[in-house]
Amino acid sequence: MAEHGNYTPERVTFPSHGENVVGVLHRPHGAGPFPAVVMLGPYSFEKEQAPIHYATRLADEGFVALAFDPRTVGESSGTPRRLENPKMKNEDAVSAIDYLLTRDDVDAARVFGAGVCQGGPEMLDIASYDERIRAVAAVTGYYRDRETDLFMIAAGVSENPFDPATAPTTEQLEALLAARLERARAAKERYAETGEVVYQPLVSPDLGDPVAGSDAGLPGPLVWSWYGSWTLKGWENRYAIMSDLDHFDYTTVPGVAKLQRPALVIHSDTCMNPASARRHFESIPAQDKKLIWENGTNHFQYYDQPDVVDRTVGHISDWFRHHMPS
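When you number the sequence shown by the numbering used here, it's gap-free, plus one each residue, and the end is 329.
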């Protein structure tokens, strides 16, 4: 790959649990060794989406920055394809750190983790048990607790999931989630018996029925406003619905409540479930933590809007530099 700006992109592969993970490593010009950042992205992400926008800017700031496709997604190997399993993504991030530490141009004492949307809380979780991560940053997080999972369901059946007056009741949302998990169990049983993978669209512009739900994993115009354009760029708009068993079984609450690494949380009142973001931040036991609250910045603006990403990477790079060994 050609040089660009202050860095050179390099296509890399590394092993993770018997599969080959493919990423793009953005290496600053110079001899190194450099500090390094592993990126995780939103639900269903591929490296070319939100992670690459952060990785390129972090490389401009002097960090080796790695964005990768998780197993079963994009260029990485693994079957069944398009599994949405956050625990697997966390394992891949740990494997990415393993890989970075084999490189002579990476300083093992200056390894950091950053994530966007679902990847943010996942990276906080990883930093709670992987002591190689010196500090961590979470941006516009999909903080994985029960309330936020129900909010995700609400966004697929309600025009305004932020408004309690028009959103479905908690009982309705619990019923929709239960039906979705039952559908996933049936799909997993079929896969075990026949090897057939049941797929449905991941995103759809149409809201699901408040009672029957939707076939899509993330239905509705709110999510489509960002994901929809990617369906025109070759992004694979489907997911294995048995993934829901692993997805909804995962929570970031216990890991974040044990986190002792310096943690930066960036969120807004118009990001996903602000109350959960504050609860997670308050639960972090580390004294060295910081919350940046930016009222009015939309959840998806943090993914790839240039001025927002520029500002956010400034916060992240300052945080990481502050926590480098002297």
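Cβ atoms here follow ideal geometry from the backbone N, Cα and C, with glycine treated the same way.
Note that the coordinates shown come from a computational prediction; the quantities given were computed from them, not determined experimentally.
CA nearest to the CA of residue i, picked from the options
i: D212; options: I156, L294, D249; result: I156
i: L221; options: G231, V206, W229; result: V206
i: A280; options: E13, Y145, D101, D108; result: Y145
i: A140; options: G21, E285, V200, A266; result: A266
i: A181; options: S217, N240, E196; result: S217
i: P18; options: T11, A96, P83; result: A96
i: K92; options: L103, A195, V76, P288; result: V76
i: P309; options: H56, P12, N88, P164; result: H56
i: E78; options: E51, D101, E64; result: E51
i: G299; options: C274, W322, S320, A289; result: C274
i: S228; options: G8, A117, E162; result: E162
i: A215; options: D247, L225, A178, P288; result: A178
i: V316; options: R84, G118, D128; result: G118
i: E239; options: L86, P124, P257, T172; result: L86
i: P330; options: V109, H20, R84; result: This structure cannot settle anything about residue 330, because the visible part of the chain is limited to 4 through 329.
i: I269; options: P257, K293, R282, A289; result: K293
i: H283; options: N9, R149, Y10; result: R149
i: E199; options: A243, R183, P171; result: A243
i: C31; options: A68, H20, T16; result: Note on identity: in this sequence residue 31 is Pro, with Cys being the wrong assignment. The shortest Cα separation from P31 among A68, H20, T16 belongs to A68.
i: S80; options: G8, F323, G21; result: G21
Spatial distance of residue i from residue j (CA atoms)
i: E174; j: N276; result: 18 angstroms
i: R193; j: A70; result: 34 angstroms
i: L153; j: L176; result: 6 angstroms
i: P167; j: R14; result: 46 angstroms
i: A219; j: S329; result: 50 angstroms
i: S98; j: R135; result: 12 angstroms
i: L61; j: V40; result: 8 angstroms
i: V259; j: H318; result: 21 angstroms
i: D252; j: G33; result: 44 angstroms
i: G26; j: Q304; result: 24 angstroms
i: P204; j: M327; result: 43 angstroms
i: L43; j: T255; result: 14 angstroms
i: A111; j: V142; result: 24 angstroms
i: W296; j: C120; result: 15 angstroms
i: T59; j: M245; result: 34 angstroms
i: D307; j: A53; result: 6 angstroms
i: S286; j: D313; result: 28 angstroms
i: M126; j: K90; result: 11 angstroms
i: T82; j: V311; result: 35 angstroms
i: K261; j: F115; result: 18 angstroms
i: N23; j: R74; result: 8 angstroms
i: P164; j: E185; result: 24 angstroms
i: L248; j: T197; result: 19 angstroms
i: H302; j: E49; result: 18 angstroms
i: G374; j: V160; result: Nothing about residue 374 can be read from this structure; the chain reaches only from 4 to 329.
Secondary structure of residue i, DSSP reduced to three states
i: V316; result: helix
i: D218; result: coil
i: P38; result: strand
i: L69; result: strand
i: F154; result: helix
i: D133; result: coil
i: D166; result: coil
i: M97; result: Per the sequence shown, the amino acid found at residue 97 is Val instead of Met. Here V97 sits in helix by DSSP.
i: D212; result: strand
i: V160; result: coil
i: S207; result: strand
i: A181; result: helix
i: A243; result: strand
i: M91; result: helix
i: A289; result: coil
i: K50; result: coil
Residue i - containing beta strand (DSSP E), residue span
i: G44; result: Run containing G44: none; DSSP gives neither H nor E here.
i: D148; result: From DSSP, D148 is part of no beta strand (DSSP E); its letter is neither H nor E.
i: G118; result: 109-119
i: K236; result: From DSSP, K236 is part of no beta strand (DSSP E); its letter is neither H nor E.
i: H270; result: 266-270
i: F17; result: 10-19
i: V139; result: 138-142
i: I295; result: 292-296
The alpha helix (DSSP H) enclosing residue i, as first and last residue numbers
i: N23; result: That residue, N23, is in no alpha helix (DSSP H); its beta strand (DSSP E) goes 22-31.
i: V200; result: Careful: V200 lies outside any alpha helix (DSSP H) and carries neither H nor E.
i: P257; result: 256-259
i: F284; result: 277-286
i: F251; result: 246-252
i: Q304; result: 304-307
i: L61; result: 53-63
Distance cut-off 7 angstroms: residue i Cβ against heavy atoms of the ligand FAD
i: D133; result: What this structure holds is no ligand at all, so the ligand FAD is not there to describe.
State whether the segment 222-235 contacts the segment 100-107, with contact taken as three or more CB pairs (one from each stretch) at a distance under 8 angstroms.
-> no
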